[in-house]
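If you use the UniProt record's numbering, the sequence shown corresponds to residues 1 to 163, in order. Note that the Cβ used here is the ideal one computed from N, Cα and C, for glycine as well. Here the structure is a predicted model, which means the values were calculated and not measured. Report on the structure given below.
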Amino acid sequence: MAALEAYDAKIKEEKKMYLTLIDLLSYEKIIFNDLQMKPYRTDEYVHKLFYETARFTAFNQQWVVKARINNSQRDPHQFNERTITYQLILKTKTSTPMSIHFFALKGPFSDMKVSTQIYRHEFTEQSSESDYYMLPLPDSSECNRLLSNKGINFRLLMFLLNK
Numbered sequence: 001m002a003a004l005e006a007y008d009a010k011i012k013e014e015k016k017m018y019l020t021l022i023d024l025l026s027y028e029k030i031i032f033n034d035l036q037m038k039p040y041r042t043d044e045y046v047h048k049l050f051y052e053t054a055r056f057t058a059f060n061q062q063w064v065v066k067a068r069i070n071n072s073q074r075d076p077h078q079f080n081e082r083t084i085t086y087q088l089i090l091k092t093k094t095s096t097p098m099s100i101h102f103f104a105l106k107g108p109f110s111d112m113k114v115s116t117q118i119y120r121h122e123f124t125e126q127s128s129e130s131d132y133y134m135l136p137l138p139d140s141s142e143c144n145r146l147l148s149n150k151g152i153n154f155r156l157l158m159f160l161l162n163k
């Protein structure tokens, strides 16, 4: 019985996500970019690995996507469970708040196995970086496979909510 309830909850959550996605597709301003995150290391004493895209333009603004492994744990190579979190960063100054829905998908130059998870952030003068959100990969082995590549290719969909 518990298995059926868990299955029903999963189906209900998926239905909610699809309805949200259909609602987002009715927005006037929708844009997608095919991006590649490349690996970099911090300049700290103990180098930390992070990934970052080149700047890209969306909604007449400059943006960057930044990702980190296991939330920048001290020694990620000592853990067999790995996750990738990412954030969207607005690089240009904005005078009006921008409410953005965004999510990462498998792009045409990618073989990433990622499920859809929609995130939202209100970009303002004071808040130009979203929180770090989980890149919903199926398991740790998919994360390891992505990290073994020279770069992580993906498609980023962004929806601008007009106020």
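Is residue i helix, strand or coil by DSSP?
{"i": "K150", "result": "coil"}
{"i": "R41", "result": "strand"}
{"i": "N33", "result": "strand"}
{"i": "A54", "result": "coil"}
{"i": "R145", "result": "helix"}
Which term fits residue i, buried or exposed, when burial requires 16 or more other beta carbons within 10 angstroms of its beta carbon?
{"i": "M37", "result": "buried"}
{"i": "A54", "result": "exposed"}
{"i": "I11", "result": "exposed"}
{"i": "H121", "result": "buried"}
{"i": "Y51", "result": "buried"}
{"i": "L19", "result": "exposed"}
{"i": "L4", "result": "exposed"}
{"i": "residue 209", "result": "Look at the range of the chain in this structure, 1 to 163, and you will see that residue 209 is not part of it."}
{"i": "A58", "result": "buried"}
{"i": "I152", "result": "buried"}
{"i": "S110", "result": "buried"}
{"i": "L25", "result": "exposed"}
Mind checking which residues open and close the beta strand (DSSP E) that includes residue i?
{"i": "A67", "result": "Q61 to I69"}
{"i": "E122", "result": "Y119 to F123"}
{"i": "H90", "result": "Checking the sequence, you will find Leu at residue 90 rather than His. Its beta strand (DSSP E) spans residues I84 to L90."}
Span of the alpha helix (DSSP H) holding residue i?
{"i": "I100", "result": "Premise fails: I100 lies in the beta strand (DSSP E), M98 to L105, not in any alpha helix (DSSP H)."}
{"i": "L21", "result": "A2 to L24"}
Alpha carbons only, please: which of the options is nearest the one belonging to residue i?
{"i": "S95", "options": "S127, S141, T116 and H101", "result": "S127"}
{"i": "S99", "options": "L105, Q117 and L88", "result": "L88"}
{"i": "L156", "options": "A104, V114 and H47", "result": "A104"}
{"i": "L49", "options": "R68, Q62, D131 and Q61", "result": "R68"}
{"i": "N70", "options": "L161, A58, N144 and M17", "result": "N144"}
{"i": "I22", "options": "S130, K150, V65 and T116", "result": "T116"}
Quiz item: How do the segment 135 to 153 and the segment 79 to 90 stand: do at least 3 beta-carbon pairs fall below 8 Å, yes or no?
Solution: yes
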